[in-house]
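> Under the numbering used here, the first residue of the sequence shown is numbered 1, with each subsequent residue one higher. Backbone N, C-alpha and C fix where the C-beta goes; we use that ideal spot for every residue, glycine too. On a predicted model such as this, the values are computed, not experimentally measured, just so you know. The following block contains the structure, expressed as structure tokens.
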Amino acid sequence: MDNSRFIPSIVVPVLDRADMIQTTLDSIAAQTIRPLSVIVVDNGSTDVTPEIVSRWIARNSGNGISAMLLTEPRRGAAIARNTGLRRVESEYVMFFDSDDVMQPGHMERVAKALAERPDADMIRWEISRLDSDGWLERTEHNDSDPLRLHIMHATYATARFAVRTSLIKESGGWDESLTTWDDLELGTRLLARRPVAIKLSGEPTVRTTVHPDSLTGPSFSSRAEAEIAALDVMERDLQLAGRPEYVPLVDARRMILAAELTRENNPETARRLRRQTARDDCPAGRSLRLLAVYAVQRIAGHGGSALALASLAPTPPRGLKAVKAAEKDPETKQTTK
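Structure (structure tokens):
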């Protein structure tokens with residue numbers, strides 16, 4: 001079976017990653033399926049990153065790989081991704097960071113799963129994460145409602161999904177006003193439109209790396225205002241899409257962030273965020289549950305998301321809506337009923 005029409009284009013933004021980009025691109029070249037479309041967007045590098053990318057393109061052109069290097073001088077990962085997105089012509093697209101690595105069979109697995117479910121608008125997969133100490137951690141999250149799961153666990157983060165190109169373009173692409181958690185916001189906005197979302201099962205075939213200078217680094221306080229802004233946009237997305245029942249989960253994310261800020265000795269911002277979340281129009285029962293989420297996260301450093309999903313999440317979709325909105329696993333053929 002020819003699955004070529006289901007192979008997503010790969011957009012890779014990069015900024016000053018001369019020591020990493022080669023490994024990322026080589027992992028793409030090692031894929032077991034062709035053709036591949038790769039769009040690298042240099043976001044104003046001051047090192048030799050563009051030269052490394054250009055040499056890689058020259059070596060791999062004609063090897064079933066169509067690759068281009070674009071330049072986007074306006075700084076910002078979301079801006080760079082949108083620059084690449086505008087050049088995508090394939091039916092599906094995925095985004096890869098310049099320090100991510102995919103195992104050789106990853107793209108073939110994705111294309112096969114999409115070919116088996118041509119109605120799918122989005123597909124996600126689990127990843128493994130390599131931290132700065134060299135520990136490899138696998139993430140695993142499952143839920144019958146992909147939207148509530150993503151809000152709490154970012155299951156459609158940058159390197160974890162592919163999406164129908166028309167859907168992301170019609171939805172406005174990446175929000176260029178956001179400098180962090182832009183993938184959390186994008187996934188929320190896309191899933192709020194009730195797309196057909198499926199999950200690729202099996203062992204992770206993508207590895208991401210956590211660096212001290214990455215957006216997924218350890219400090220919440222250093223980017224608190226940007227994180228708060230992303231959560232505000234997510235709430236707006238849900239209201240505009242007619243999904244207000246999911247707003248309490250965004251409030252839970254605010255409380256979890258407030259707890260982490262408290263743990264980082266930033267009580268002023270944490271207090272402001274708690275007041276914003278437990279606002280006057282918030283029902284008393286919900287306020288108590290949100291405060292419980294805050295307390296668990298502040299004391300233990302984890303557990304807030306699980307408590308929020310148990311106490312604040314809307315009921316999983318049922319019946320006809322479940323067939324459209326819930327995640328289906330194309331490898332096991334299981335559909336939520």
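Can you tell me whether N43 is buried or exposed? The criterion is at least 16 other CB atoms within 10 Å of its CB, across all chains shown.
The residue is buried, with at least 16 neighbouring Cβ atoms inside 10 Å.
> What residues are listed by DSSP as bridge partners for S66?
S37
> With distance defined between alpha-carbon atoms, name the residue in T165, S98 and P248 nearest to V88.
T165
> Tell me the DSSP secondary structure of I10 in three-state form.
strand
> Count Cβ pairs between the region 238–248 and the region 270–277 that sit closer than 8 Å; are there 3 or more?
no
> Can you name, in chain order, every residue of its own chain whose Cβ lies under 8 Å from the Cβ of L147, other than the five neighbours on each side?
T188, L191, A192, R243, Y246 and A325
> If you draw a straight line from the C-alpha of A311 to the C-alpha of V110, how long is it?
Before going further, note that residue 311 is Ser rather than Ala in the sequence given. If you draw a straight line from the Cα of S311 to the Cα of V110, it comes to about 34 Å.
> What do you get for I299, buried or exposed, if any count of 16 or more other CB atoms within 10 angstroms of its CB means buried?
exposed
> Which one of V233, R263 and P8 has the shortest CA to CA distance from P118?
P8
> Checking the sheet assignment: what are the DSSP bridge partners for T208?
T208 is bridged to R129.
> Judging by CA-CA distance, which residue of P73, G84 and T155 is the nearest neighbour of T122?
The identity of residue 122 in the sequence shown is Met, whereas the question assumes Thr. That would be T155, whose Cα lies nearest to the Cα of M122.
> Use the C-beta contact count for Q31: other C-beta atoms within 10 angstroms, 16 or more gives buried, fewer gives exposed.
buried
> Alpha carbon to alpha carbon, how far is N265 from V196?
42 Å
> My assumption, with CB atoms under 8 Å, is that G76 sits in contact with E225. Please give the rounded CB distance.
Between E225 and G76 the Cβ distance is about 16 Å, and since that is not below 8 Å, they are no contact.
> Please classify D42: does DSSP put it in a helix, a strand, or coil?
The answer is strand: DSSP assigns D42 an E or B state.
> To which residues of the same chain is I79 closer than 7 Å at the C-beta, ignoring the five residues directly before and after it?
E72 and E176
> Straight-line CA distance for E260 to S305?
The straight-line gap separating the alpha-carbon atoms of E260 and S305 is approximately 13 Å.
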